[in-house]
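Since the structure comes first, as structure tokens, the remarks are kept for the end.
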Amino acid sequence: MHPVIILLAAIAVAALPRNVDHIEPNETIDSNPGTGYNNTWEASNKSTVSNGTLTSQRNRVIVNMHMATVGFDYGRCGSGFGSCKTGSCCSDYGYCGIQEPYCGDRNSTKFQNSGALYPPHTNANIYKRSTGPTTSIIPRRKVGSVPYAGSGEIRHCTEMGTVALTFDDGPSAYTDDLLDLLDEYGAKATFFITGNNNGVHEIDDCSTGYPAIIKRMYDSGHQIASHTWGHPDLSGVDEEEFDRQMYRNEMAVRNILGIIPTYMRPPYISCDYNCAEKLDDMGYHNIYFDVDTVDYWNNDAELIHNSMNNVDAAIAARGEDPSQGSFLILQHDIHYHSVYSLTEYILAAMAEAGYGTSVTVGTCLGDPRRNWYRDAQPATVEC
Ligand SMILES: [Zn+2]
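The sequence shown maps to residues -22 to -1, 1 to 361 in mature numbering (1 follows the signal peptide of the UniProt record, and there is no 0).
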């Protein structure tokens, strides 16, 4: 077996989701248990808020906006304060700033001409090498109609007839080929990327080749989302480590693309109440899935048909009526057979069942692309 495959297989075992540890390799999981499939938001067990009230969300936004201004001194604006300095904009809440929450939709010209960049982070001992300023100070206004993490995890697409392929744990050596395949099918996927690639590489390091792959994803209209920096169980880390896991991954994406994501999937699908609250404060949507291909158990030429069977079972459960069904599918682009056989099988099976090609999670939730990201400091990785 090729050394890379052995390495990736070892990584795969290390990264096995804990919540499916009980599933045997040949066991087909019920990806659509009972009649619970109803395309509604499912509040997390410990959350008492079903969809987040306007009041609580507004309060949270105001708090965040206020915290975000600490240390910037962009000043106040509006009634009694006047206009912001040239290059910055006045937010709805009366704070000056240069990011999208202040200036409206992405306006790179205004942003670049402002000449005002965030100060470098001061907690340098956290980071091994120069990775740029922290993203923790970016304002996190909540926009759109898709619930944020404090309102519960999202398990289903809401746009009927849609299929959303999602890939966790990458990028990997297979991802560029996967992008070729998706192009052939006119398919868009969502990549929940892990910044240090499960300990193998740091994605914003040019020597890995990953910056170019992530740029290709982004430019091709795929969705870039977070799966944390180092793939920990977010229910089991302290606050400092939680912040580092989220912000360092944002910094890597920022270094490559100049944006940070607003969608994330917690490793092991583990996110307790505190985790959900933290993600909510950070302005994230918490995305689960409703079809687990179980590709991590079936990454073998002799076993991958089990993952295909799981998809077939999901289609059968929905019925072949695209007006009544949708699919939010979990795969991992670190697994060879998931990339090189399962993905095309799914795309063909969905087409045969009358569904369209894959779209991003944002699209399958009816969320426009401008809401998938926040403006960050300019990209610095040139490779
Ligand atoms: Zn993962």
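Quick reminder that beta carbons are idealized off the backbone N, C-alpha and C, glycines included.
- Here the C-alpha atom of Asn264 lies approximately 19 angstroms from the C-alpha atom of Glu219.
- The Cβ-Cβ distance between Ala151 and Cys342 does not fall below 8 angstroms.
- Shortest gap from the CB of Pro125 to any heavy atom of ligand 1: 7 angstroms or more.
- Listed by position in the chain, the residues whose beta carbon lies within less than 5 angstroms of some heavy atom of ligand 1 are Asp146, Asp147, Pro245.
- Contact between Thr112 and Ile238 is absent: CB atoms are separated by about 11 angstroms, not below the 8 angstroms threshold.
- Cβ atoms of Gly110 and Asn233 come within 8 angstroms of each other, at about 6 angstroms.
- Between Val269 and Leu212, the beta carbon gap of about 23 angstroms keeps them out of contact (Cβ cut-off 8 angstroms).
- For Leu143, the pairing in a beta bridge is given by DSSP as Ile307.
- Phe59 has its alpha-carbon roughly 56 angstroms from the corresponding atom of His313.
- When the alpha-carbon of Phe169 is set against those of Gln201, Gly297, Thr140, the nearest one is in Gln201.
- Residues of the same chain with a CB within less than 8 angstroms of the CB of Asp154, apart from the 5 flanking positions on each side, are Ile191, Arg194 in chain order.
- If you check the CB distance, Leu235 and Ala357 come in under 8 angstroms.
- When DSSP states are grouped into helix, strand and coil, Ser129 belongs to the helix group.
- In the DSSP assignment, the residues bridged to Asn264 are Met242.
- In the DSSP annotation of this structure, the continuous segment of the beta strand (DSSP E) that includes Ala203 starts and ends at 201 to 204.
- Separation of the CB atoms of Tyr266 and Arg133 is rounded to 5 angstroms, and the pair is thereby assigned contact status at 8 angstroms.
- In the DSSP assignment, Tyr351 falls within the beta strand (DSSP E) that extends over 351 to 353.
- The DSSP-derived three-state label of Phe59 is coil.
- Val289 has its alpha-carbon roughly 13 angstroms from the corresponding atom of Tyr333.
- When the beta-carbon positions are compared, Ser336 and Leu325 come within less than 8 angstroms of each other.
- Contact between Ser204 and Asn227 holds: CB atoms are separated by about 5 angstroms, below the 8 angstroms threshold.
- The beta carbon of Ala127 is closer than 7 angstroms to those of Ala254, Leu257, Asp258, Tyr262, His263, Asn264 in its chain, skipping five residues each way along the sequence.
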